[in-house]
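J.: Here the sequence shown is numbered in this note's numbering, starting from 52 and rising by one per residue.
By construction, the Cβ of each residue, glycine as well, lies at the ideal position given by its N, Cα and C atoms.
In this text the structure is predicted, and so the values were computed from the model without any measurement.
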Amino acid sequence: EFIMPADQVECRSDHVYLGYLVAFYWHGNRLEVARIISEAHHPTGYSFKVLDQGSRQFELIYNLNTDHWFIQHL
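1. With H, G and I counted as helix, E and B as strand and the rest as coil, what does DSSP make of His78?
2. Tell me the rounded alpha-carbon separation between Phe109 and Phe99.
3. Measure the alpha-carbon distance for Gln104 versus Val84 and round it to whole angstroms.
4. Please state the DSSP three-state secondary structure of Gly96.
5. At what residues does the beta strand (DSSP E) containing Leu44 begin and finish?
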């Protein structure tokens, strides 16, 4: 699917800069992060490949310039 703006991404703030990813909203549904598969730092921000509780894989992308999250179902 296409990359689209994320409605909301929940992070636990006791971790690093962005916090530890806890959950995100996809098509109006709150999905908990079961596992972070990988994370990468880019000149414009960060990206995280995650699995939700249903073992679906998503990429959460944070843009430092716009201070917005984007999401893609992989």
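T.: The structure says:
1. coil
2. Each residue's Cα considered, the two are about 8 Å apart.
3. Take the alpha-carbon of Gln104 and the one of Val84: they are about 6 Å apart.
4. strand
5. The requested residue 44 does not occur in the structure, where the chain is confined to residues 52 to 125.
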